[in-house]
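Numbered according to UniProt numbering, the sequence shown terminates at residue 250, and the numbering increases by one at each position without gaps.
Positions of the beta carbon are idealized from the N, C-alpha and C atoms, including for glycine.
Before any comments, here is the structure.
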Amino acid sequence: MPEFDRLAPTRRPNEKPVGFQAWKNLFFLHWTVPVEIIRAAVPAPLELDLYQGNAWLGIVPFQMRSVRPAWLPPVPGMSNFLETNVRTYVHYRGEPGVWFFSLDANATIATLVARYCWNLNYCRGRLTLKEQSDLFQWTGRRWWPGSEFGECGYDIQIELDPTQKEFQTAIAGSFEHFLVERYLLFTQTKAGRLLRGQVHHHPYRFQTVKAAHYTGTLEKPLALPALAETPDHTLFSPGVSVEMFKLSEV
């Protein structure tokens with residue numbers, strides 16, 4: 001991995017947040033993917049952030065709660081919804097962050113606001129979550145915008161390990177820290193300007209899972225081979241409360 005400061009982005013910016021969110025019941029599913037293919041899907045100003053020479057694709061389903069701008073209380077229709085994002089890891093001039101390929105949500109207003117105000121590739125779809133004891137079942141079918149690749153959707157089943165009673169936090173320099181402790185995001189306007197955003201929250205508390213199973217086509221628009229049904233790495237986190245800070249041009 002390049003030698004740059006991975007702890008700096010974890011520190012809270014010295015400015016007022018522009019919004020607040022809570023991320024609940026997050027599942028971090030990850031696969032190794034061919035570097036040359038994922039490189040072609042990421043804008044040129046950004047460099048891939050590799051771990052021991054490998055590029056990683058993440059699919060992260062979770063529950064969004066209490067989403068609101070700093071100057072408003074939670075708003076019906078956009079404050080609580082399900083989301084699943086598809087991401088990889090990048091850096092720009094020594095700053096490590098996330099590049100989102102897509103973010104599916106089941107809330108129309110939230111999708112439009114995030115898409116047009118934050119330049120993030122949010123997509124409207126039908127998302128469901130069923131919880132039964134230690135079993136979580138996620139399904140998603142993208143409605144809008146349409147895709148030349150046909151229907152985009154997924155089914156995810158994850159079983160927690162009931163023998164795990166404790167959660168841990170990631171040690172700096174560890175693989176888990178590389179995957180989950182990401183506080184910067186990069187996005188790009190239609191005119192090609194690169195933007196940088198930052199969030200702040202306490203470190204994730206997480207544990208491994210007993211079993212994880214994925215079938216879907218979320219990776220298809222990236223020209224990747226079909227992902228294995230069993231991810232290479234999966235973590236569960238009960239969630240964090242998040243402060244959001246304004247986007248700025250890099």
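Inter-residue Cα distance where the pair is residue i and residue j
i           : j           : result
residue 104 : residue 201 : 22 angstroms
residue 51  : residue 176 : 11 angstroms
residue 127 : residue 64  : 12 angstroms
residue 4   : residue 54  : 17 angstroms
residue 206 : residue 163 : 14 angstroms
residue 67  : residue 191 : 28 angstroms
residue 46  : residue 92  : 5 angstroms
residue 40  : residue 11  : 31 angstroms
residue 33  : residue 224 : 8 angstroms
residue 189 : residue 107 : 22 angstroms
residue 24  : residue 237 : 8 angstroms
residue 252 : residue 146 : The structure shown has nothing for residue 252, since the chain only spans 1 to 250.
Own chain, CB closer than 6 angstroms to residue i, minus 5 neighbours either side, in chain order
i           : result
residue 84  : 61, 104, 140
residue 211 : 159
residue 125 : 104, 140, 141, 142, 143
residue 9   : 183, 184
residue 135 : 159
residue 38  : 55, 88
Neighbourhood of residue i by C-beta distance below 8 angstroms, restricted to the same chain and skipping five residues each side
i           : result
residue 98  : 87, 88, 89, 90, 182, 184, 185, 186
residue 154 : 59, 84, 138, 139, 140, 214, 215, 216, 217, 218
residue 114 : 103, 105, 120, 122
residue 195 : 119, 186, 187, 188, 189, 247, 248, 249, 250
Residue i, DSSP secondary structure in three states
i           : result
residue 109 : helix
residue 48  : strand
residue 184 : strand
residue 4   : coil
residue 200 : strand
residue 242 : strand
residue 176 : helix
residue 223 : coil
Beta-bridge pairing of residue i - partner residues as DSSP gives them
i           : result
residue 130 : 137
residue 31  : 57
residue 63  : 24, 82
residue 255 : Because the chain is modelled from 1 through 250, residue 255 falls outside the range shown and cannot be assessed.
residue 96  : 91
residue 192 : Residue 192 is not bridged to any residue.
7 angstroms CB neighbourhood of residue i in its chain, flanking five on each side removed
i          : result
residue 22 : 65, 66, 239, 241, 242
**Study point:** Contact the segment 23 to 42 vs the segment 104 to 118: 3+ CB pairs below 8 angstroms
**Key:** no
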